[in-house]
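Engineer: Each number in the numbering used here corresponds to the 1-based position in the sequence shown with 184 added. A single structure is presented below for examination.
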Amino acid sequence: MKLLPITSLVLLSLGILPVVQAETSTKPLTLTDIMHFESLEKPVIADNGQVIAVEAAPDRGDSHGIVKNVLTGQHFTLDGGSDPLISHSGRFVAMVVKPSLLTLETSDAKAKKKLKSDMVLLDTQTGSQTRFERVKEFVFSDDGKYLAIGFEADEESKKDADGAKAVDVSTENPAKAEKPKVDKFDQGRRFTLLSLEDQTKRIDVEHVTAYVFDKDSRRLALAVNNSAEQQHQLQLVDLKTFEPSKAFESTTQQIGALALAKNGRWLAFTQGQASELPYGRSYQLSLVDLPSGKIRKIPESPEWKLNRYTSLNFSLDSERLFFGRVPQVSQQLSLAKITEEKDLFDANIVTGQRGLKVWHGDDPRIKPNEIKQYEDEQKRTYLAVLHLGSNNVVQLGDKTVPDVVMSQHKRFMLASSDLPYRKMATWAGFFQDYYLVDLNTGRKAPFLTQQPSDELPSLSGNGKYVAYYQQGNVYLYDVALGRRTNLTQSLSVSFADEDHDYPSNAPGYGFGPWLKDDSGFLVYDKYDVWQFNTESKDGFALTAGQGRAQKIQYRLEGLVDNPDAPTELAYNATVLLHGYSDKTKADGFYQATLGEAGVKTLMQGEYKLTVLGRSKDADTIVFSKERFDLFPDLYTASYNAPQNALKQTDLDKQRQAFNWSKSELIHWTNGDGKPLDGVLIKPVNYQAGKRYPVLVYYYRFMTDRLHAFPQMNINHRPNFAWYVNNGYAVFLPDIRFDIGYPGASSVQALTSGVQKLIEMGIADPAAIGLQGHSWSGYQTAFAITQTKMFKAAVAGAPVANMTSAYSGIRHGTGIARQFQYETGQSRIGASLFAAPQKYIENSPVFYADRIQTPLMIMFGDKDDAVPWEQGVEMYLAMRRAGKEVVFLQYEDEPHHLKKYPNKLDYSIRMMEYFDHYLKGKPAPAWLSQGEAYVEYKADDE
C-alpha cells in the first residue's frame, strides 16, 4: 500500500549512516547542507503492518532505500534504492536503482540514452540482496510469493526492431528469407518470473509484451510475441507447480491485452493481425475457459472495434469483463510526398506540405488545447461490458457520454460528459453532465447537469443512491424512483466553502464513506462530520457540533485504501478523526462512533499530524508529527489508539546539528477591520528588542503551515531555514481577497501585517523584502506600485498586465486564461469587455511610474502557465520609467524551475539581492552592472 510523500532529513537515527557526533554548539545552515538533506519519499507498508520501506532522497544526489521492521527495529539499507514495492507479508522489498547522478552528469547525450535502471530485491529475513540489471518494471503477486520482472529491450534487439541493423537471411526456409520489421509497440522484452519462497525456481521468457497475475495468485498469463519469427503465444504458468502451458498459439495473430478472472475460470485476451501496423490494427476479443481450455471468440460489432489501447478488467465477482472500444480503427494519416517532376506542380501535393492550423470560432476547444489533448483522444476508448453468464456485450460509453467510471457496482455506474461545455470552459470554467448508465442495457439516465467538474457525485455501494453537492446543499438521488431530496435545506449550517473568495459558486467540503447496505453516508461542513440516513432522510452532526463550537475541522482518517472497492462502514463502526484547529493551527486525533453524536479526544497538541496510510490487512496506521522545529518522524499505532504510537524514526537529530528557530502565530486587523493571521519565524539567536530584516513570503492562506517542518530543498521559493540562519525574520501572512479587487485587498493584508511586526519591535521598517511566485508574484508586482513599504521585491512568473494576459494561453495545457479572471484565481469576476477598468486597475504595468521599490523579475522562457512575455512587459515598463529592475530569464524552463543549476543560481542571486537591499551588503556585479550576453563553446566542438 502506497503512502503519501513526506519530507525528512538523513536517517541517522536508524544507524544506516554514520551518526553525527554530538557537538557543544550548533552550526549555521548552508546551501551545501540543504543540498545534502534527504527527504523520505514514496513510503510503503506491508499489508500486515509489520514492515515499512521508503526512499531517502537528498535534494541533490543519489537516493538510498530504507527498510525497517516496525516491531523488531531491524533495518536495512539499499544503496541507490528508490520507488519501493513491498510484498504482502513484508518479507521482500524491491526497489529501483537508477544510474548515479555522477554518471549522468559525466555522460554525453548519446551515453545518457543508454543508461537504464536496475532493480534490487531484499529478503528482510536473511538480509540478502539480489540485483537485476536493466529492469523496466516489476510487480509482486498479490500474495507476495512471486515476483514478475520486465526488462528493457536489449540494444541489439532494439536495432533489429528499428530496422537499423541488417536482418538475417535463411536459405533453408525461403518463407522466412526476409524478416519483417517490428514496430516498437509490438516488440517484446525479456521477462523473469521468480518464486520468492524458492528462488531456484524461475522462468525466463523472451519476447514478452504483456503479463498479469490473477487476484488469488494461482496463475500468471504471458503474451509472447516474436513477430520477426512469426511466433505468437498465450502462455499460462501454474504458480504452484511453476509449469507453463500454451493457451493459444498463432503465426499471424499479435496478442494484445490480458486479464485473469478472480474465480480462476476465465482468461481474456485480444488478438490482431500481426502483419498490420499496430496503430490501425483491429483486435478480436477472446475468452479461454481455463478448466476446459476451450476458446470463445466474442462476436464482433459492426459499430464498435477494439484497438491497441483496449484494456481488459474483470469484476471482482468474475461475472463481468470490462473493455474499451472505438467506433473505428484506421491507420495514421500521412502526407503525399514529392517523388517525381510532375509532383512539383501538383497543387494538392504541394499544399499538402503546408504548416497550417485552422482556428474556428465554434471549435469546442481552442487549437492549443486541442493539440495538447490530441494524444489522449487518440488513446481514448469507450467502456463496454461483457456479461459472462449471458455472453451479452453492452456498450456503456459513447461519443455523447464518453466518460464512465469503472467500479464494482453490478447494476449502475456513473458516467459523465463535458461536451456541452467545452467551448464555454474557455471563460467560465469546467463543467460536466452526470448520468447513471445501466450495465444491462447501456441506457444512460441524466440526473445532474452543468455540475462543476471538481464536485463529483458519490454512488452508494449497492448503487441505490447518489449523493451530490450543489449550490450550498447536499442532495440524495434515489436511483429506482428517480427522486431527489435536499437533505440540508432545513439545517442552519452551511455546507458551502465558507472561505470561498472567488467569483463563482462556492464548492462543498466533500463526502466521507458510505455505510453498509446503502443505509447512510457521511458528509462534511467546514468543521463537523454529518451522518445522513438514506431511508428517513434525516441527518445529525456525528461530531455533535463540537467542531463549529471549538473551531476544529474534523475529517475521517486512516481508512483502508482499497482501489478495487470503495470503503463501506459498519453501522456502529468506530472511526478515527483528524482535527485541525482554526484558532491554534494545531492538530489532534479524535474518535467517534457511527450512530452516536460525540467526539472523544485521543491526542492533541501544538504540532501538525499527517496520516500517511493504513495497512491493508491490519489496523496499523502510520503518521507523522511535526513542528517548524521538529522533524516529521514516523509513528505507527493502532487505528483505535494513535495516542499509544511507537516512534519508528528519530530523524530530528539531523536538525539538531544546525541553528534552528521556531514559528509563532500572530494576529492583527487590516484597514477594513478584518481579522487576519500570519506565521512569524524569528531569526536564530533572536534577541528581544532588536529589529531585523524581514522576508515576506505568501500566496493565499499560509497559517496552516504554522507547525509544518520547512521544506529542505532548493527551488523557486526561499528556504525558510536558510534565511532565518542568515539573520532574517520570515513572515507568512494570510491573504483574504475581495472579488474585483485582488490587488488592493492583497496590499491591505500585506501592509497591515508588516505594520504589526513593526509595532511588535521585530521588523526593521527600512529592511522589508517581499517575495512571491506565480499568483503571489503578481501580488508582489502590484504591491510595489501601491506602497513604498518594501525595500526590495522579487516576483517570480508574475502577471503584469491583466488586459493582455486575459486572452493569453496556459501553454502547458493549451487552455485559455480567460476563465481564471472571470471565475477563478484572478478574481475579477467579469470579462475584459464588461469591466475593462478593473483589469487596468489591477494591472501593475499601468502604474510602473509610481514604483519606488527595486524589483527582480524571474521567468522561465518556456513557462507553461503564465506567458513569460508578462515579465517582459513589466521589465520594459519599469525600464521606460527609469526604475530599478533586473530580469532573470532562465532558458528552456517551465513555470517552476526544474534544472538544478538554475534553481541553485536563482537561490543564490535572491539571497544576494536581499542582502544588498535589506542588509546593505555590496551589490554583486550582475546586480550593479548586469551581465553581457555570451555564447559558450558546445561540448562536441
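A virtual CB, placed ideally from N, CA and C, is assigned to each residue, including glycine. Note that the structure is a prediction, hence the values are computed from the model and not measured.
Would you mind listing the alpha helix (DSSP H) stretches within the region 382-407 that are 4+ residues and don't spill past its ends, in chain order?
Structural biologist: Within the region 382-407, no complete alpha helix (DSSP H) run reaches 4 residues.
Engineer: Excluding the five sequence neighbours on either side, which residues of its own chain have a C-beta within less than 6 Å of the C-beta of residue 480, listed in chain order?
Structural biologist: To locate residue 480, count along the sequence shown from 1; it is residue 296. Closer than 6 Å at the Cβ level, and outside the excluded window around residue 480, lie 471.
Engineer: Could you check where the beta strand (DSSP E) with residue 852 kicks off and where it finishes?
Structural biologist: For the purposes of this step, residue 852 is taken as the residue at position 668 of the sequence shown. Unbroken beta strand (DSSP E) run through residue 852: 847-853.
Engineer: Which residues bound the alpha helix (DSSP H) around residue 981?
Structural biologist: Taking the first residue of the sequence shown as 1, we reach residue 981 at position 797. Per DSSP, residue 981 belongs to no alpha helix (DSSP H) and is neither H nor E.
Engineer: Cα separation between residue 1065 and residue 690?
Structural biologist: Taking the first residue of the sequence shown as 1, we reach residue 1065 at position 881. Taking the first residue of the sequence shown as 1, we reach residue 690 at position 506. Looking at the two C-alpha atoms, the distance is approximately 41 Å.
Engineer: Could you check the C-alpha separation between residue 556 and residue 646 for me, to the nearest Å?
Structural biologist: By one-based count along the sequence shown, residue 556 stands at place 372. By one-based count along the sequence shown, residue 646 stands at place 462. Taking the straight line joining both Cα atoms gives about 38 Å.
Engineer: What three-state label does DSSP hand residue 450 in the structure shown?
Structural biologist: Along the sequence shown, one-based indexing puts residue 450 at 266. Of the three classes helix, strand and coil, the one that applies to residue 450 here is strand, per DSSP.
Engineer: Indicate whether the contact test is met: 3 or more Cβ pairs, each with one atom in the region 938-950 and one in the region 1059-1078, closer than 8 Å.
Structural biologist: No: the two stretches stay apart, fewer than three of their Cβ pairs being nearer than 8 Å.
Engineer: With DSSP collapsed to three states, give me the class of residue 809.
Structural biologist: For the purposes of this step, residue 809 is taken as residue 625 along the sequence shown, with counting starting at 1. Residue 809 falls in the strand class under three-state DSSP.
Engineer: Within 10 angstroms of its Cβ, does residue 918 collect 16 or more other Cβ (buried), or is it exposed?
Structural biologist: Counting from one through the sequence shown, the residue named residue 918 turns up at place 734. By the neighbour-count rule (16 or more Cβ atoms within 10 Å), residue 918 is buried.
Engineer: Could you tell me the alpha carbon to alpha carbon distance between residue 1114 and residue 1019, rounded to whole angstroms?
Structural biologist: Residue mapping note: residue 1114 aligns to position 930 of the sequence shown, counting from 1. Residue mapping note: residue 1019 aligns to position 835 of the sequence shown, counting from 1. Answer to the nearest angstrom: the Cα atoms are 40 Å apart.
Engineer: Can you list, in chain order, the residues of its chain with a C-beta nearer than 7 Å to that of residue 848? Leave out the 5 residues immediately preceding and following it.
Structural biologist: One-based indexing of the sequence shown puts residue 848 at position 664. The answer, listed in chain order, is 864.
Engineer: Please classify residue 345 as buried or exposed, where buried requires at least 16 other C-beta atoms within 10 Å of its C-beta.
Structural biologist: What you label residue 345 is simply residue 161 of the sequence shown in a count that begins at 1. Its pLDDT being 39, under 50, residue 345 is placed unreliably by the model, and the measurement read from it follows with that caveat. Label assigned to residue 345: buried.
Engineer: Since residue 876 and residue 948 are thought to touch, with beta carbons under 8 Å apart, how far apart are those beta carbons, to the nearest angstrom?
Structural biologist: In the sequence shown, counting from the first residue as 1, residue 876 sits at position 692. In the sequence shown, counting from the first residue as 1, residue 948 sits at position 764. Residue 876 to residue 948, Cβ: 6 Å. Contact.
Engineer: What residues in its chain sit with their C-beta under 7 Å from that of residue 1086, if we drop five residues either side in the sequence?
Structural biologist: Taking the first residue of the sequence shown as 1, we reach residue 1086 at position 902. Cβ within range, chain order: 1074, 1077.
Engineer: Hey, residue 706 and residue 675 are a contact pair by Cβ (cut 8 Å); roughly how many whole angstroms apart?
Structural biologist: Counted from its first residue, the sequence shown places residue 706 at position 522. Counted from its first residue, the sequence shown places residue 675 at position 491. Going by Cβ atoms, the distance from residue 706 to residue 675 rounds to 15 Å, so no, they are not a contact pair.
Engineer: Taking the alpha-carbon positions, what's the residue 551 to residue 333 distance?
Structural biologist: Walking along the sequence shown from the start, residue 551 turns up at place 367. Walking along the sequence shown from the start, residue 333 turns up at place 149. Distance between the alpha carbons of residue 551 and residue 333 is about 41 Å.
Engineer: State the Cα-Cα distance for the pair residue 569 and residue 508, rounded to the nearest angstrom.
Structural biologist: Stepping through the sequence shown from its first residue, residue 569 is reached at position 385. Stepping through the sequence shown from its first residue, residue 508 is reached at position 324. Near 9 Å, if we compare the C-alpha coordinates of residue 508 and residue 569.
Engineer: Got a sec, what are the start and stop residues for the alpha helix (DSSP H) residue 670 sits in?
Structural biologist: Indexing the sequence shown from 1 puts residue 670 at position 486. Per DSSP, residue 670 belongs to no alpha helix (DSSP H); it is in the beta strand (DSSP E), 667-670.
Engineer: By a C-beta neighbour count over all protein chains shown, 10 Å radius and 16 as the cutoff for buried, is residue 1120 buried or exposed?
Structural biologist: Position 936 of the sequence shown, counted from the start, is the residue given in the question as residue 1120. Flag for residue 1120 reads exposed.
Engineer: For the pair the region 836-856 and the region 268-277, tell me if three or more CB-CB distances fall below 8 Å.
Structural biologist: Short answer: they don't touch.
Engineer: Looking at the structure shown, is residue 770 part of a helix, part of a strand, or coil, going by DSSP?
Structural biologist: One-based indexing of the sequence shown puts residue 770 at position 586. Correct three-state label for residue 770: coil.
Engineer: Hey, how far is the Cα of residue 421 from the Cα of residue 328?
Structural biologist: Taking the sequence shown and counting its residues from 1, the one referred to as residue 421 is at position 237. Taking the sequence shown and counting its residues from 1, the one referred to as residue 328 is at position 144. Those two C-alpha atoms are separated by around 16 Å.
Engineer: Among residues of its own chain, excluding the 5 on either side of residue 630, which ones have a beta-carbon nearer than 8 Å to its beta-carbon?
Structural biologist: The sequence position of residue 630 within the sequence shown is 446, counting from 1. The residues are 617, 618, 619.
Engineer: Can you tell me where the alpha helix (DSSP H) holding residue 943 begins and where it ends?
Structural biologist: Translated into the one-based positions of the sequence shown, residue 943 becomes position 759. Counting along the chain, the alpha helix (DSSP H) containing residue 943 begins and ends at 926-943.
Engineer: Below 8 Å on the Cβ atoms is my guess for residue 1016 versus residue 997; work out the distance and round it to an integer in Å.
Structural biologist: Numbered from its first residue, the sequence shown carries residue 1016 at position 832. Numbered from its first residue, the sequence shown carries residue 997 at position 813. Contact flag wrong, Cβ pair sits at about 21 Å.
Engineer: Does DSSP classify residue 1024 as helix, strand or coil?
Structural biologist: Here residue 1024 corresponds to residue number 840 of the sequence shown, with the count starting at 1. Reduced to three states, the DSSP call for residue 1024 is helix.
Engineer: Using 9 Å as the threshold, is the C-beta distance between residue 820 and residue 372 below it?
Structural biologist: Within the sequence shown, numbered from 1, the residue matching residue 820 stands at position 636. Within the sequence shown, numbered from 1, the residue matching residue 372 stands at position 188. In this structure, residue 372 does not lie closer than 9 Å to residue 820 by Cβ.
Engineer: Ordered along the chain, which non-local residues of its own chain (more than five positions away) have a Cβ less than 7 Å from that of residue 852?
Structural biologist: Against the sequence shown, residue 852 aligns to sequence position 668. Same-chain partners within the cutoff: 860, 936, 937, 940.
Engineer: Taking contact to mean 3 or more Cβ pairs, one atom from each stretch, closer than 8 Å, check whether the region 741-753 and the region 715-722 are in contact.
Structural biologist: Result no; under three Cβ-Cβ pairs closer than 8 Å.
Engineer: Between the Cα of residue 759 and those of 928, 765, 783, 669, spot the shortest distance and give me the residue it belongs to.
Structural biologist: As a working mapping, residue 759 is identified with position 575 in the sequence shown. Cα-wise, what sits closest to residue 759 is 783.
Engineer: Going straight from the alpha carbon of residue 898 to that of residue 1106, what length do you get?
Structural biologist: Within the sequence shown, numbered from 1, the residue matching residue 898 stands at position 714. Within the sequence shown, numbered from 1, the residue matching residue 1106 stands at position 922. Cα to Cα, residue 898 sits roughly 24 Å from residue 1106.
Engineer: Which residues in the same chain as residue 206 place their Cβ atom closer than 6 Å to its Cβ, once the five residues preceding and following it in sequence are excluded?
Structural biologist: Counting from 1 along the sequence shown, the entry for residue 206 is found at position 22. With a pLDDT of 37 at residue 206, under the threshold of 50, the modelled position of that residue is not reliable, and the figure given next carries that caveat. For residue 206, where only same-chain residues beyond five positions count, there are no Cβ hits under 6 Å.
Engineer: Going by DSSP in three states, residue 607 sits in which element: helix, strand or coil?
Structural biologist: Taking the first residue of the sequence shown as position 1, residue 607 is located at position 423. Correct three-state label for residue 607: coil.
Engineer: Mapping the DSSP letters down to three states, classify residue 597 as helix, strand or coil.
Structural biologist: Along the sequence shown, one-based indexing puts residue 597 at 413. In the structure shown, residue 597 sits in a strand (DSSP, three-state: E or B).
Engineer: On the three-pair Cβ rule with 8 Å, is the region 1028-1048 touching the region 695-709?
Structural biologist: With the cut-off at 8 Å, the region 1028-1048 and the region 695-709 do not touch.
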